[in-house]
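Sequences listed follow chains A and B, in order. Residues 1 to 339 in this note's numbering are what the first sequence lists, from first letter to last. Residues 1001 to 1339 in this note's numbering are what the second sequence lists, from first letter to last. Even glycine gets a Cβ: it sits at the ideal position worked out from N, Cα and C. On a predicted model such as this, the values are computed, not experimentally measured, just so you know.
2 protein chains.
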Amino acid sequence: MTNNTPVTLKFLAEKLKMSVSTVSKALNNYPTINEYTKKRVQEMASDLHFTPNKSAINLKEKKSRIIGIILPNLLDHFFTRSIYGVEQFATQNGYNVIISQSHDDLEKEIQSANMLLRSRVDGLIVAISKNTQDFAHLDQFENMGIPVVYYTRNPSFNLSCHKVLGNTFQGCYQATKFLIDRGHKKIAYLGGPKMINFTHDRFNGYINALKDNQLPFSAELVAYTDFDKENTISAIKNLFANPENMPTALVAFKEPILFDAIKYLRSINHPKFNEIECIGFGNTSFISYLDSPPIASIEENPESVGENAIKLLLQLINKEIDIQNYQKVMVDCKLIVHG
Amino acid sequence: MTNNTPVTLKFLAEKLKMSVSTVSKALNNYPTINEYTKKRVQEMASDLHFTPNKSAINLKEKKSRIIGIILPNLLDHFFTRSIYGVEQFATQNGYNVIISQSHDDLEKEIQSANMLLRSRVDGLIVAISKNTQDFAHLDQFENMGIPVVYYTRNPSFNLSCHKVLGNTFQGCYQATKFLIDRGHKKIAYLGGPKMINFTHDRFNGYINALKDNQLPFSAELVAYTDFDKENTISAIKNLFANPENMPTALVAFKEPILFDAIKYLRSINHPKFNEIECIGFGNTSFISYLDSPPIASIEENPESVGENAIKLLLQLINKEIDIQNYQKVMVDCKLIVHG
DNA sequence: AACTACATTTCAAACGTTTGAAATAATTAG
DNA sequence: CTAATTATTTCAAACGTTTGAAATGTAGTT
């Protein structure tokens, strides 16, 4: 039973022998429309499975009720969990969400931005790729009056943008403090790609915790890696290279890096392996399957980050906050102790 | 520099003192438009950052160039990887993708379907929730002439729909065969929720491999679980309960279930634990972090499943295949041996 | 100069909605 | 019974595009 004449307002109007505007107003529950008329229209609409055409409405209303999200990828549970927060709140408020992955590639990010611009999204939430230095493709949005909220990965040097961030400083501070409280004196820090802005915040959290607890900082105890395995292995090798200055604990930038580190330490039969305590950002269910799980995880509450991002965005869209009145929202991390 | 008069064709036309249609045709590279005119128009358009309004185009063209995807959730790497295949091919062909999660909840699935219908997606790709029995909310699409492709999770009993599936029978057969070839005689099968259609296909793959290799089937060696941990543990307990009929190998429905099983077997200090060989569907990078990894994984090639789904969908949209000419596409699995 | 042929541009309607203003119908008041 | 008031419906324009048909412009031919 494939229907070929599309069911539009006009079609309903003809069936009901009334004008298009009456039908429209009846469906939108205008007070000036007679109750009986409304009933007739609504019945006919549901009988014929009338579905309003969003393109037409968007054109008329000059908005799309679509929120765009650009993020590096969907394989990272941080991002997929954050989407959950966004989606939840967006749909509650009548907005749809278009998700676009940049695969951490600037070129792809630009493409995504352009397509979302053409789609006239009402707002944009973006976690930039690790190579994004130039922001012309994202500035376009604000130039057209479309608000942009950067979340997690953002242009750190730029104060003229809206941001929603995990309080990664606090998370790292807390984790380090936790290890100190457990008696560790030599705590290694394994950081992430230096291009990603919050790498430094995390490092500062680590440093400050040491300082506040009168522990010396040693450059030997700090290394950086990107998400490449080889790279991580060589970084961790370096951290544990000096027998004079052997760490007894480790704070790692992110889960896969943490896992790589743990795996490596086991593989070399590190003499005091059992005494080494590790913590990393991220808190996936996979941890429960590890034989040597980290002692604790830094839960970043991605759902809450997403939710705060969409909340701010909707306030900007509704002009409850001026688009030039740049906001910065921080979402605290929580230390989850395992076992 | 927030621009308030929107840059439309009309605006460009006024600036250039020519008609709207000339501008439109120039931008769309009509052969009847003078080359010099085209050049002027295109320059002006890019100077003023003209972005065509998709709502208007959609309204005119009666299509949205949007593909909808409904899937249970984004935390399962099968789905996120499949999205990659869809997105890739869709954007290449000028389509955008709206992803909507049902969270395996029928109510939410219906909501998603309705919103995608209102958005006038040109086609729908859907993996149904585990509770979907009634399909009215999805049949709407076909009734309006919008093609629907079911992928992975689909109404198994229904032949009147387009399907793209992993060849889960072949995958399970191959895995079982692999274990048989390694000398196992007592191979346990730990299946997934019976509501999910391909649970049975997998089981049949297992059974057929046994049969083809003259191994007896024992009901004691088969158990089912949903994704609940408790449930899985009790299922695996049952499988390994009878000392007379102790399995030496296991084929598991899906990765987290497989991991739960392995973890349990280790935890009880099963005497011959080291000899038990496990295989499961799924092939995530986490496997490399396990101390007792499965001997092999059944790689389901989700990207390829996604790609086949969108390819079929686009053929349906372009009417290269009649919408009533129901297709079934199978994507083979590949056994990945670890270590 | 008049005609043809072709190149180029413009007109005008259409897509499906929304909405203030105008028109009409129904009711009430005098 | 007419005028005023109120309830209800309709008109018409607008949103930003696309596109076949019509109009205009230009050049070439006789």
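Residue-level contact to chain A via CB, residue i, 9 Å cutoff
{"i": "residue 1115(B)", "result": "yes"}
{"i": "residue 1257(B)", "result": "no"}
{"i": "residue 1006(B)", "result": "yes"}
{"i": "residue 1043(B)", "result": "no"}
{"i": "residue 1286(B)", "result": "yes"}
{"i": "residue 1064(B)", "result": "yes"}
{"i": "residue 1216(B)", "result": "no"}
{"i": "residue 1097(B)", "result": "yes"}
{"i": "residue 1083(B)", "result": "yes"}
{"i": "residue 1105(B)", "result": "no"}
{"i": "residue 993(B)", "result": "Beyond the ends of chain B as shown, which are 1001 and 1339, falls residue 993(B); an answer cannot be given."}
{"i": "residue 1049(B)", "result": "yes"}
{"i": "residue 1262(B)", "result": "yes"}
Residue i beta carbon near the ligand GTP (any heavy atom closer than 8 Å)
{"i": "residue 1333(B)", "result": "Absence of the ligand GTP from the depicted structure is noted, as is the absence of any ligand whatsoever, leaving it without description."}
Spatially closest choice to residue i from the options, by CA coordinates
{"i": "residue 1170(B)", "options": "1300(B), 1009(B) and 1328(B)", "result": "1300(B)"}
{"i": "residue 109(A)", "options": "233(A), 94(A) and 128(A)", "result": "128(A)"}
{"i": "residue 78(A)", "options": "304(A), 203(A) and 290(A)", "result": "304(A)"}
{"i": "residue 1166(B)", "options": "1194(B), 1201(B), 1132(B) and 1158(B)", "result": "1201(B)"}
{"i": "residue 1254(B)", "options": "1059(B), 1111(B) and 1168(B)", "result": "1168(B)"}
{"i": "residue 282(A)", "options": "25(A), 296(A), 154(A) and 7(A)", "result": "296(A)"}
{"i": "residue 106(A)", "options": "72(A), 35(A), 319(A) and 64(A)", "result": "72(A)"}
{"i": "residue 1273(B)", "options": "1290(B), 1248(B) and 1243(B)", "result": "1248(B)"}
{"i": "residue 1208(B)", "options": "1118(B), 1177(B) and 1144(B)", "result": "1177(B)"}
{"i": "residue 1076(B)", "options": "1278(B), 1104(B) and 1096(B)", "result": "1104(B)"}
{"i": "residue 188(A)", "options": "54(A), 98(A) and 175(A)", "result": "175(A)"}
{"i": "residue 1164(B)", "options": "1126(B), 1298(B), 1292(B) and 1134(B)", "result": "1126(B)"}
{"i": "residue 211(A)", "options": "262(A), 180(A) and 84(A)", "result": "180(A)"}
{"i": "residue 1250(B)", "options": "1278(B), 1229(B), 1243(B) and 1263(B)", "result": "1278(B)"}
{"i": "residue 1324(B)", "options": "1018(B), 1023(B), 1084(B) and 1144(B)", "result": "1144(B)"}
{"i": "residue 1237(B)", "options": "1266(B), 1213(B) and 1214(B)", "result": "1266(B)"}
Identity of the residues DSSP links to residue i by a beta bridge
{"i": "residue 1188(B)", "result": "1250(B)"}
{"i": "residue 19(A)", "result": "Residue 19(A) is not bridged to any residue."}
{"i": "residue 1100(B)", "result": "1070(B)"}
{"i": "residue 343(A)", "result": "Since the first residue shown for chain A is 1 and the last is 339, residue 343(A) is missing from the structure and cannot be characterised."}
{"i": "residue 1162(B)", "result": "1149(B)"}
{"i": "residue 1297(B)", "result": "1280(B) and 1336(B)"}
{"i": "residue 1330(B)", "result": "1165(B)"}
{"i": "residue 1224(B)", "result": "1191(B)"}
Closer than 9 Å to chain B by CB, residue i
{"i": "residue 56(A)", "result": "yes"}
{"i": "residue 80(A)", "result": "yes"}
{"i": "residue 28(A)", "result": "no"}
{"i": "residue 291(A)", "result": "yes"}
{"i": "residue 137(A)", "result": "no"}
{"i": "residue 232(A)", "result": "no"}
{"i": "residue 87(A)", "result": "yes"}
{"i": "residue 202(A)", "result": "no"}
{"i": "residue 341(A)", "result": "Outside the shown range of chain A (1 to 339) lies residue 341(A), about which nothing can therefore be said."}
{"i": "residue 119(A)", "result": "yes"}
Nearest-angstrom Cβ-Cβ length linking residue i and residue j, presumed shorter than 8 Å
{"i": "residue 280(A)", "j": "residue 309(A)", "result": "About 23 Å; that fails the 8 Å criterion."}
{"i": "residue 1185(B)", "j": "residue 1221(B)", "result": "With a Cβ gap of about 10 Å, residue 1185(B) and residue 1221(B) do not count as contacting."}
{"i": "residue 257(A)", "j": "residue 338(A)", "result": "About 18 Å; that fails the 8 Å criterion."}
{"i": "residue 1038(B)", "j": "residue 1026(B)", "result": "5 Å"}
Nearest-angstrom Cα separation, counted from residue j out to residue i
{"i": "residue 1152(B)", "j": "residue 1294(B)", "result": "24 Å"}
{"i": "residue 1162(B)", "j": "residue 1139(B)", "result": "12 Å"}
{"i": "residue 1232(B)", "j": "residue 1245(B)", "result": "20 Å"}
{"i": "residue 1068(B)", "j": "residue 12(A)", "result": "27 Å"}
{"i": "residue 1002(B)", "j": "residue 322(A)", "result": "The predicted position of residue 1002(B) is uncertain, since its pLDDT is 46 and thus under 50; no value can be drawn from it."}
{"i": "residue 302(A)", "j": "residue 1029(B)", "result": "46 Å"}
{"i": "residue 183(A)", "j": "residue 284(A)", "result": "27 Å"}
{"i": "residue 172(A)", "j": "residue 223(A)", "result": "15 Å"}
{"i": "residue 5(A)", "j": "residue 1329(B)", "result": "31 Å"}
{"i": "residue 1312(B)", "j": "residue 142(A)", "result": "38 Å"}
{"i": "residue 1147(B)", "j": "residue 1195(B)", "result": "25 Å"}
{"i": "residue 1045(B)", "j": "residue 206(A)", "result": "51 Å"}
{"i": "residue 1131(B)", "j": "residue 1102(B)", "result": "11 Å"}
{"i": "residue 1276(B)", "j": "residue 1235(B)", "result": "17 Å"}
{"i": "residue 1100(B)", "j": "residue 1216(B)", "result": "44 Å"}
{"i": "residue 1260(B)", "j": "residue 1192(B)", "result": "13 Å"}
{"i": "residue 1095(B)", "j": "residue 95(A)", "result": "20 Å"}
{"i": "residue 1056(B)", "j": "residue 334(A)", "result": "47 Å"}
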